[in-house]
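So the sequence shown is numbered by our numbering: it starts at 113 and just counts up by one. Ideal Cβ positions, reconstructed from N, Cα and C, are used throughout, including at glycine.
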Amino acid sequence: YLLKPINSEELIHAIKRIENRNKKIVELENKSKRLLYPSKSGYSSVAYKDIICIKADGSYVNIHTIDHNPITVSKNLHFFEKMLDKRREFVRVHKSYIVNTQYVQKIDKQGGAKLILTTDMVVPISPTLRNFIRDMIGF
């Protein structure tokens, strides 16, 4: 925290300290096989391989996992998009969805493009991302 009047050296030091803390969290995320997310009691985690998709719900997201129990987290989708940026299996396919490509069963082109996941979940594809997603997933 900073006290007024703000000393520019203290401000720069505080910003660097926060940046270093965030870098360490991201590095741990990249080395880990689990996604850390904030919860009521601190932080919880879920294995990357167990995440089917992440769906935006206002300022919250629902993390859909293979055990069919969505996890509600009070962070927006952009937060998770930044966390998953280095993980190639996760792709943002729509303004409201990030999908684990390992669970994509097929692309349905009828009535607008949609992804059909192995859990029979249907996820819309953004029209502007359609070709990119098809190439990325390999269909």
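Residue i, enclosing alpha helix (DSSP H) - first and last residue
{"i": "residue 194", "result": "189-195"}
{"i": "residue 237", "result": "Run containing residue 237: none; DSSP gives neither H nor E here."}
{"i": "residue 118", "result": "Segment: none, residue 118 is in no alpha helix (DSSP H) and carries neither H nor E."}
{"i": "residue 242", "result": "242-249"}
Boundaries (first-last residue) of the beta strand (DSSP E) holding residue i
{"i": "residue 212", "result": "209-212"}
{"i": "residue 220", "result": "216-220"}
{"i": "residue 204", "result": "202-206"}
{"i": "residue 293", "result": "Residue 293 lies beyond the range of the chain shown here (113 to 251); nothing can be said about it."}
{"i": "residue 226", "result": "226-229"}
8 Å Cβ shell around residue i - same chain, five flanking residues per side excluded
{"i": "residue 234", "result": "220, 226, 227 and 228"}
Spatial neighbours of residue i in its chain, beta-carbon cut-off 6 Å, leaving aside the 5 residues before and after
{"i": "residue 218", "result": "228"}
{"i": "residue 176", "result": "164, 165 and 182"}
{"i": "residue 148", "result": "155 and 157"}
{"i": "residue 185", "result": "149 and 173"}
{"i": "residue 169", "result": "none"}
{"i": "residue 230", "result": "215 and 217"}
7 Å Cβ cutoff met for residue i and residue j
{"i": "residue 188", "j": "residue 171", "result": "yes"}
{"i": "residue 206", "j": "residue 239", "result": "no"}
{"i": "residue 248", "j": "residue 203", "result": "yes"}
{"i": "residue 193", "j": "residue 214", "result": "no"}
{"i": "residue 162", "j": "residue 137", "result": "no"}
Own chain partners of residue i with C-beta closer than 7 Å, once the 5 adjacent residues on each side are dropped
{"i": "residue 159", "result": "145 and 146"}
Contact test: residue i Cβ vs the ligand NAD heavy atom, cutoff 6 Å
{"i": "residue 155", "result": "Absence of the ligand NAD is noted for the structure shown, with no ligands found whatsoever."}
Checklist line | Within the stretch 138-179, ranges of the beta strand (DSSP E) (whole runs, at least 3 residues) | finding: 146-151, 154-159, 163-169 and 172-177
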